[in-house]
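**Student:** Residue numbering for the sequence shown follows my numbering, beginning at 7 and increasing consecutively.
Idealized CB from N, CA, C, for every residue including glycine.
This is the structure, below, for whatever I ask next.
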Amino acid sequence: VVIPAAGLGTRLLPITKEMPKEMLPIFVKKDDGRLCLKPMLQAVFEQLHEVGFREYGFIVGRGKRAIEDHFSPDEGFIEYLRNKNKAETAEELQEFYKKINDSTIVFINQPQPKGFGDAVYQAKIFTKDEPFLLHAGDDIILSKNNSHLKRLTEKFNDYDADAIFLVEEVEDPRKYGVIVGNEIRPGILKVKEVIEKPKEPPSNLAIIALYIFKPTIYQAIEKVNSKGDTEVELTDAVQLLINWGHRVYALKLRHDERRIDVGSPETYLETLRRFC
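Encoded structure:
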C-alpha cells in the first residue's frame with residue numbers, strides 16, 4: 007500500500023500549519039458501539055490492515071513529523087496510562103501498536119510539494135515492479151466488511167487491469183477529477199477519459215483517490231513530469247495510460263458505502279455531522 011500524506015492542507019489553514027490534515031480526528035465506533043476519536047490516517051491504516059495488507063509506504067513531507075511519531079509505538083505511554091488506572095485506553099492503544107509491529111512501515115519523503123502525481127512517484131523505490139494499492143491519507147470509504155477494498159482487488163485481477171479506481175456520483179463534479187467511460191457491467195466502467203476539475207463536466211462521476219496500479223503508472227508520471235509543470239497531476243498520468251492502450255477501469259461506489267473526506271472545511275464538517 008502507498009499512502010500519500012505529504013499535502014500542505016492549505017484549504018484547512020490555520021489548523022494545518024502544524025497539524026497534518028491526515029491527523030485530524032474523526033469519530034469511529036468501537037466494537038461495543040461507543041464512539042472514540044482517531045486520526046483519519048490511523049483509521050485508514052487499520053482498515054487496510056484488517057483486509058490483509060502488511061507493507062505500507064507513507065509519502066510524507068515537511069511538517070509531517072506527527073505522522074511518524076504516531077506510528078512509532080510508545081510503550082512508556084502505555085505504562086503511564088496503566089499506572090493512571092486507564093487500563094481500557096491503554097489496551098486500545100496497545101492493539102494499534104500490535105498492528106504496527108505486525109507490519110512493515112516505510113516513510114518516504116517528497117522533497118517538494120509538486121502535486122499528487124509526484125507524491126505517488128516517490129513510492130517507486132518502495133513498490134518496485136509490483137502492483138500496489140494507492141490510498142489517499144485524507145479520504146476513507148466505509149463499507150460493510152470493507153467490501154469496497156475486496157471488490158477493487160477482485161476486479162483488478164479479473165480484468166488484468168493496468169489501473170482501477172473507485173468513482174462516486176456527485177452533485178458538483180467541477181471540484182474533482184471526472185471520468186467518461188462505458189459501463190461494461192453494472193457498476194463497472196471501461197474508462198475512456200479522465201479530466202481534472204473540468205469547468206463543464208462531461209459526467210457526474212468523480213474519482214475517489216483509491217486506486218490499484220501496475221508499475222506502468224510510473225512511466226506515465228515520468229512523461230507528465232517531463233513537461234516541466236509545477237504540479238504533476240495523477241489524472242494526467244492515468245489519461246496517458248488510456249492513450250497508450252492500457253486497461254483502465256472504474257468501479258462505482260455502492261449506495262450502502264460512504265465516503266469520509268477531511269480535505270476541506272466543508273467536507274470535514276459534513277464528516278463530523280454524520281457521527282453527531
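(1) Please say whether ILE227 and ALA215 have beta carbons closer to each other than 8 Å?
(2) Would you mind stating whether ILE170 and LEU158 have Cβ atoms separated by less than 8 Å?
(3) Beta-carbon separation of ILE65 and PRO26 under 8 Å?
(4) Please return the same chain residues whose Cβ sits closer than 6 Å to the Cβ of LEU87, not counting the five positions on each side in sequence.
(5) Quick check on the DSSP output: the alpha helix (DSSP H) that includes THR110 runs from which residue to which?
(6) May I ask you to report which of helix, strand or coil DSSP gives TYR224?
(7) Count the other C-beta atoms from every protein chain shown that fall within 10 angstroms of the C-beta of ALA212, then say buried if there are 16 or more, exposed otherwise.
(8) Shortest alpha-carbon distance to SER78 belongs to which of LYS104, ARG279 and ILE194?
(9) Tell me the residue span of the alpha helix (DSSP H) that contains VAL126.
(10) Under 8 Å between the Cβ atoms of LEU240 and GLY123?
(11) Between the Cα of PRO192 and those of VAL268, PRO271, ARG260 and ILE266, spot the shortest distance and give me the residue it belongs to.
(12) In this structure, how does DSSP classify GLU24 when only helix, strand and coil are distinguished?
(13) Cβ atoms of VAL176 and ILE185: under 8 Å apart, would you say?
**Tutor:** Well, looking at it:
(1) For the purposes of this step, residue 215 is taken as residue 209 along the sequence shown, with counting starting at 1. For the purposes of this step, residue 227 is taken as residue 221 along the sequence shown, with counting starting at 1. Taking 8 Å as the Cβ cut-off, ALA215 and ILE227 do not qualify as a contacting pair.
(2) As a first step, residue 170 is located in the sequence shown; it is residue number 164 there, counting from the start. As a first step, residue 158 is located in the sequence shown; it is residue number 152 there, counting from the start. It is a contact, given that the beta carbons lie within the stated cut-off.
(3) In the sequence shown, the residue the question calls residue 65 occupies position 59. In the sequence shown, the residue the question calls residue 26 occupies position 20. No; because the gap between Cβ atoms is not below 8 Å, this pair is not in contact.
(4) Residue mapping note: residue 87 aligns to position 81 of the sequence shown, counting from 1. Answer for LEU87: THR95 and ALA96, listed in chain order.
(5) Here residue 110 refers to the residue found at position 104 of the sequence shown. First-last for THR110: 110-115, but that is the beta strand (DSSP E), not the alpha helix (DSSP H).
(6) For the purposes of this step, residue 224 is taken as residue 218 along the sequence shown, with counting starting at 1. The DSSP-derived three-state label of TYR224 is helix.
(7) The sequence position of residue 212 within the sequence shown is 206, counting from 1. With 16 or more Cβ atoms within 10 Å of its Cβ, ALA212 is classed as buried.
(8) Here the question's residue 78 lines up with position 72 in the sequence shown. Among LYS104, ARG279 and ILE194, the Cα nearest to that of SER78 belongs to LYS104.
(9) The residue labelled residue 126 in the question sits at position 120 within the sequence shown. 122-127 is the span of the alpha helix (DSSP H), which, as asked, contains VAL126.
(10) As a working note, residue 240 is residue 234 in the sequence shown. As a working note, residue 123 is residue 117 in the sequence shown. Yes; because the gap between Cβ atoms is below 8 Å, this pair is in contact.
(11) One-based indexing of the sequence shown puts residue 192 at position 186. The residue with the shortest Cα to Cα distance from PRO192 is ARG260.
(12) Walking along the sequence shown from the start, residue 24 turns up at place 18. GLU24: coil per DSSP, three-state reduction.
(13) Residue 185 sits at position 179 when you count from the first residue of the sequence shown. Residue 176 sits at position 170 when you count from the first residue of the sequence shown. No, they are not a contact pair.
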